[in-house]
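Chains as they are written, first to last, in my numbering: chain A, 17 to 129; chain B, 5 to 115.
For glycine and all other residues, C-beta sits at the position ideal for the given N, C-alpha and C.
This one's a predicted model, so the numbers in the text were calculated from it and none came from an experiment.
First up is the structure itself, then whatever we jot down about it.
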Amino acid sequence: SAVISQKPSRDICQRGTSLTIQCQVDSQVTMMFWYRQQPGQSLTLIATANQGSEATYESGFVIDKFPISRPNLTFSTLTVSNMSPEDSSIYLCSDYKLSGEQFFGPGTRLTVL
Amino acid sequence: SQQGEEDPQALSIQEGENATMNCSYKTSINNLQWYRQNSGRGLVHLILIRSNEREKHSGRLRVTLDTSKKSSSLLITASRAADTASYFCATRETSGSRLTFGEGTQLTVNP
Numbered sequence: 017s018a019v020i021s022q023k024p025s026r027d028i029c030q031r032g033t034s035l036t037i038q039c040q041v042d043s044q045v046t047m048m049f050w051y052r053q054q055p056g057q058s059l060t061l062i063a064t065a066n067q068g069s070e071a072t073y074e075s076g077f078v079i080d081k082f083p084i085s086r087p088n089l090t091f092s093t094l095t096v097s098n099m100s101p102e103d104s105s106i107y108l109c110s111d112y113k114l115s116g117e118q119f120f121g122p123g124t125r126l127t128v129l
Numbered sequence: 005s006q007q008g009e010e011d012p013q014a015l016s017i018q019e020g021e022n023a024t025m026n027c028s029y030k031t032s033i034n035n036l037q038w039y040r041q042n043s044g045r046g047l048v049h050l051i052l053i054r055s056n057e058r059e060k061h062s063g064r065l066r067v068t069l070d071t072s073k074k075s076s077s078l079l080i081t082a083s084r085a086a087d088t089a090s091y092f093c094a095t096r097e098t099s100g101s102r103l104t105f106g107e108g109t110q111l112t113v114n115p
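Here is the structure:
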């Protein structure tokens with residue numbers, strides 16, 4: 017198993033503000049990912065966080081809305097910018113092990129008022 | 005878009021019974037993984053099965069994979085109330101690193 021931590025675990029934010037979520041993994045990994053889970057839904061991949069280069073975004077997600085940093089192999093941040101109530105979701109980071117297994121952090125539950 | 009479709013969407017059983025959940029997918033895969041999620045918390049990794057494997061066991065869990073039918077099943081034997089959760093399958097395509105999730109099955113185990 018893997019140890020992945022996220023901060024904050026939850027937050028309630030006002031419309032128009034931004035929130036940065038931090039993710040720390042316990043070992044150096046090549047690939048880290050950010051997912052969103054809207055209420056009652058499954059997980060959707062936002063982007064792959066690449067170390068040393070820009071993140072790779074999935075269709076429907078853009079850098080201006082979800083800027084991602086990855087300063088080293090064990091740490092990444094996701095910012096949810098200019099938030100609206102539609103951004104209320106659980107945001108999860110994930111890492112990809114050489115074994116092929118992919119583990120997830122505990123998630124950040126975001127509520128936007 | 006979601007690659008996997010899970011069936012059933014919801015399943016309610018009594019403690020001690022077996023629970024079977026199915027997952028279908030559309031493209032060629034490298035592996036398929038099953039996860040459990042309790043009440044909107046983080047995902048717990050249950051098991052990974054590779055495309056060249058047909059069956060894997062882990063404790064009370066049994067996973068099968070039929071690549072010819074592009075389907076997988078998760079069997080939980082002798083279920084417990086603590087198994088109540090949402091279960092998701094996720095596939096990693098052979099062409100990339102992306103892990104794509106199914107819609108999930110909500111399992112309720114009644115004491």
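- Using beta-carbon distances, S76/B does not count as an interface residue toward chain A, since no partner is under 7 Å.
- In terms of beta-carbon proximity, Q118/A lines the interface with chain B, with at least one pair separated by less than 7 Å.
- DSSP assignment within the region 67 to 115 of chain B yields the following whole beta strand (DSSP E) runs of 3 residues or more, N-terminal first: 75 to 80, 89 to 97, 103 to 105, 109 to 114.
- A Cβ-Cβ separation of about 13 Å leaves L36/B out of contact with L65/B under the 8 Å criterion.
- In this model, T88/B and Q40/A are separated by some 29 Å (Cα to Cα).
- Non-local beta-carbon contacts of F77/A in its own chain, meaning distances under 8 Å to residues more than five positions away in sequence, involve I62, A63 in chain order.
- For the C-beta of G63/B, not a single chain A residue is nearer than 8 Å; the gap to the nearest is close to 14 Å.
- Looking only at T71/B, L50/B, K60/B, the smallest Cα-Cα distance to S90/B is reached by L50/B.
- Here the alpha carbons of I28/A and R52/A stand approximately 16 Å from one another.
- For P122/A, at least one C-beta of chain B is nearer than 7 Å to its own C-beta.
- Of all residues in the region 87 to 110 of chain B, only F92, A94, R96, S101, R102, L103, T104, F105, G106, E107, G108 place a beta-carbon less than 8 Å from a beta-carbon of chain A.
- Short of 8 Å from the beta carbon of R58/B, and not among the five residues preceding or following it, lie these beta carbons of its own chain, in chain order: T68, L69, D70.
- With respect to chain B, the C-beta atom of S92/A has no partner C-beta closer than 7 Å.
- Here the region 115 to 122 of chain A does not lie against the region 89 to 102 of chain A, with fewer than 3 beta-carbon pairs under 8 Å apart.
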